[in-house]
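Let me begin by presenting the structure, written as structure tokens, before commenting on it.
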Amino acid sequence: MGDCPHMHGPLRQPPGGRVVFLDRDGVLIEDTGYPDDPEALVLLPGVGEGLRRLAAAGWGLVVVTNQSGAARGYFTLERLAAVHDRLEQLVEAEGVQFNGIFFCPHHPAGSVAVLARPCACRKPEPGMLRAAARMLDLQLPRCWIVGDRDSDILAGLAAGVPGLLVGSETGVNPGARDRLEGLLDAADLICREAQGP
Ligand SMILES: [Mg+2]
Ligand SMILES: [Zn+2]
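Per my numbering, the very first residue in the sequence shown carries number 1; after that it's consecutive.
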């Protein structure tokens with residue numbers, strides 16, 4: 001499985017070249033530890049409203065997610081696709097659409113031979129953000145990333161994208177602009193701080 005990042009679903013170019021990059025587990029859905037059951041997916045509180053506010057303000061919405069569970073043999077790429085189909089359904093039921101879903105299934109210590117390797121797309125590396133910028137014609141310094149881990153923020157910093165930490169993960173805060181309860185608060189900060197597209 002050579003080419004990375006992998007993509008799920010259609011790419012939709014956002015007007016104005018500005019998106020909010022969204023980590024998946026711990027930001028959009030609960031991080032239950034390699035979640036892989038489409039039927040069990042539930043959006044976290046405030047996610048629907050947060051996504052609607054961002055979309056209404058003209059922001060594109062792009063998922064960037066490490067999915068090393070595939071390399072580790074915890075789930076297949078087919079199962080991962082079913083999870084992403086369900087995630088798309090859940091956000092469409094909230095009245096919004098993603099402009100892209102990018103994922104990296106790799107991990108250097110994986111057990112699935114074709115996926116067991118380092119990858120420039122695996123956050124904290126910025127490969128997914130850079131690829132999205134090329135494919136969607138984004139201006140990265142005008143984008144944001146919302147994540148629940150330092151690796152999300154570091155990927156943003158490496159690509160010149162300001163980051164917001166959400167959730168209750170503890171640890172260092174390497175350059176995040178702020179730490180907030182969840183995506184709804186992050187959406188409000190982004191809508192307040194950034195001038196519209
Ligand atoms: Mg996460
Ligand atoms: Zn990868």
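Glycine included, C-beta positions come from ideal geometry on N, C-alpha and C. The structure displayed is predicted, hence computed values, not measured ones.
Burial state of S68 is buried, judged by a 10 Å Cβ sphere holding 16 or more other Cβ atoms.
N66 is bridged by DSSP to C104.
Not a single heavy atom of ligand 1 lies less than 7 Å from the C-beta of D36. Looking at the DSSP output, H84 shares a beta bridge with no other residue. Annotation for G156: the continuous alpha helix (DSSP H) segment containing it runs D150 to A159. Annotation for D37: V83 place their beta carbon closer than 8 Å to its own, counting only its chain and skipping 5 residues before and after.
By the Cβ rule, the segment 114–130 does not count as touching the segment 83–94, because fewer than three pairs are nearer than 8 Å.
Segment contact: the segment 100–107 against the segment 4–18, three or more CB-CB distances shorter than 8 Å; contact assigned. In this structure, T65 lies near D25, with their beta-carbon atoms less than 8 Å apart.
Residue nearest to P126 within the set L54, D137, Y34 and V161 is V161 (criterion: CA-CA distance). R179 is bridged by DSSP to L165. For the 8 Å CB-CB criterion, G147 and G163 form a contact.
Note that the C-beta distance between I190 and V20 is below 8 Å. If the five residues before and after V62 are omitted, its C-beta is found closer than 6 Å to the C-beta atoms of V19, F21, N99, G100 and A132, all from its own chain and listed in chain order. If the five residues before and after A55 are omitted, its C-beta is found closer than 7 Å to the C-beta atoms of L61 and V96, all from its own chain and listed in chain order.
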